[in-house]
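In my numbering, the protein residues as written are 89 to 312. C-beta: ideal position from N, C-alpha, C; glycine also.
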C-alpha cells in the first residue's frame, strides 16, 4: 500500500512539473507555393501560368517559369522548415523576375512566393531573425495572424529594410506565420525587373519548457 501511495504521489508530482511550464510551440498545417504568370491585359485576356506547391516540412524547391508572346515571368522558391521539440525555424530565398524583348500591348507579369505556417502556442512566444530584401516592383512582408480573432499580432510592414528583427507576442492560441514575396509588373515596353528576399527566422517560446530526464534507477530511489 505504501509503494502504491508513493507511486501515485510521484505521478502527481511529475504532472505538476510538466504543467507549470510557461511556454510551448507545436507545428500545425504548412503550405508553400511558387507561382508565375503572364497575362494579356486586353480581351480575350490570354496568358499562361504555372505553380508548384508543398504541404510538408523540410526542404522545398520550386521554379515555375512561363513565356507568353515576347515576355516571361519566373518565380524561384527555395526554403526549409524545421520543427523541433519547442521551436520552428525557417530559412530560404524567394525570388521573382520578368523580362520583355519587344514592345507591344501592356501585359501583367507576376511572380509570387508564399509560405504559410500554422502553429499553436502556450504562453508568450518570440519571433526573431533577419531579412535581406533587394529589387524593384515587389511587395515583401512577414506577419503573424491570430487565427481566433484574425488580428495581426506581428508584422514587418511591406518592404521592410534589410536587417535583424525581434518581437515578443503574448497570448495562448493558434496562429499563422505568413511570408509573402510578390513581384508584379504592368509593362508594354522592353526591359525587365527582379526582386529577391533572403530570410532566416525562428519561432520559440519566450519561456521554454524545462525538460529533465530521470533514469529508472533514479526513480526507484524514491521507493526505498
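| task | Output the distance between the C-alpha atoms of residue 122 and residue 258, rounded to the nearest integer angstrom. | result | Translated into positions along the chain shown, residue 122 becomes position 34. Translated into positions along the chain shown, residue 258 becomes position 170. Their Cα atoms are separated by approximately 32 Å.
| query | So is residue 254 buried or exposed if we call it buried at 16+ other beta carbons inside 10 Å? | reply | Here residue 254 corresponds to residue number 166 of the chain shown, with the count starting at 1. When all chains shown are included, residue 254 counts as exposed.
| request: On a CA-only basis, which of 170, 112, 149 and 285 is nearest residue 221? Give me that one, please. | output: If you number the chain shown from 1, residue 221 lands on position 133. Here the closest residue by C-alpha is 285.
| query | Enumerated in chain order, which unbroken segments of the alpha helix (DSSP H) with a length of 4 residues or greater are wholly contained in the segment 162 to 203? | reply | none
| request: Express the C-alpha separation of residue 159 and residue 282 in angstroms, rounding to a whole number. | output: Here residue 282 refers to the residue found at position 194 when the chain shown is read from its first residue. Here residue 159 refers to the residue found at position 71 when the chain shown is read from its first residue. Between residue 282 and residue 159, the C-alpha separation is close to 14 Å.
| task | State yes or no: is the C-beta of residue 162 within less than 7 Å of the C-beta of residue 185? | result | In the chain shown, the residue the question calls residue 162 occupies position 74. In the chain shown, the residue the question calls residue 185 occupies position 97. Yes.
| message | Tell me which residues share the same chain as residue 140 and place their Cβ nearer than 6 Å to its Cβ, disregarding the 5 neighbours each side in the sequence. | response | For the purposes of this step, residue 140 is taken as residue 52 along the chain shown, with counting starting at 1. Result list for residue 140: 122, 150 and 152, in chain order.
| What three-state label does DSSP hand residue 258 in the structure shown? | The count along the chain shown starts at 1 and reaches residue 258 at position 170. Coil, per DSSP.
| query | Would residue 241 pass as a contact of residue 212 if the rule is Cβ separation under 7 Å? | reply | Residue numbering aside, residue 241 sits at position 153 when the chain shown is read from its first letter. Residue numbering aside, residue 212 sits at position 124 when the chain shown is read from its first letter. Against a cut-off of 7 Å, the Cβ pair of residue 212 and residue 241 comes out as no contact.
| task | For the segment 199 to 215 and the segment 259 to 277, state whether three or more C-beta atom pairs, one from each stretch, are separated by less than 8 Å. | result | yes
| message | Considering Cα atoms alone, identify which of 232, 120, 183 and 187 is closest to residue 263. | response | Here residue 263 is taken as the residue at index 175 of the chain shown, counted from 1. Ranking 232, 120, 183 and 187 by Cα distance to residue 263 puts 232 first.
| request: Classify residue 212 as helix, strand or coil using the three-state DSSP reduction. | output: Here the question's residue 212 lines up with position 124 in the chain shown. Here residue 212 sits in coil by DSSP.
| message | Can you tell me which residues form a DSSP beta bridge with residue 269? | response | Taking the first residue of the chain shown as 1, we reach residue 269 at position 181. DSSP lists 201 and 228 as partners of residue 269.
| Under a CB-based cut-off of 7 Å, is residue 220 close to chain C? | The question asks about chain C, but that chain is absent: this structure has only one protein chain.
| message | So the candidates are 249, 250 and 293; which of them puts its Cα closest to the Cα of residue 261? | response | Position 173 of the chain shown, counting from 1, holds the residue named residue 261. Distance from the Cα of residue 261 is smallest, within the candidate group 249, 250 and 293, for 293.
| field | Same chain only: Cβ atoms within 6 Å of residue 117, ignoring 5 sequence neighbours per side | value | Here residue 117 refers to the residue found at position 29 of the chain shown. Same-chain partners within the cutoff: 206.
| Taking the C-alpha atoms as reference points, what is the distance between residue 276 and residue 154? | In the chain shown, residue 276 corresponds to position 188, counting from 1. In the chain shown, residue 154 corresponds to position 66, counting from 1. Cα-Cα distance, rounded: 17 Å.
| field | Inter-residue Cα distance where the pair is residue 180 and residue 204 | value | Counting from one through the chain shown, the residue named residue 180 turns up at place 92. Counting from one through the chain shown, the residue named residue 204 turns up at place 116. C-alpha separation (whole angstroms): 14 Å.
| field | Inter-residue Cα distance where the pair is residue 296 and residue 145 | value | Position 208 of the chain shown, counted from the start, is the residue given in the question as residue 296. Position 57 of the chain shown, counted from the start, is the residue given in the question as residue 145. Spanning the two alpha carbons is a distance of roughly 22 Å.
| field | Pick from 235, 228 and 173 that is closest to residue 111, judged by C-alpha positions | value | Taking the chain shown and counting its residues from 1, one reaches residue 111 at position 23. With distances taken between Cα atoms, residue 111 lies closest to 173.
| Nearest to residue 192 by CA position, among 130, 164, 287 and 266, is which residue? | Along the chain shown, read from residue 1 onward, the residue named residue 192 stands at position 104. Checking every option, the nearest Cα to that of residue 192 belongs to 130.
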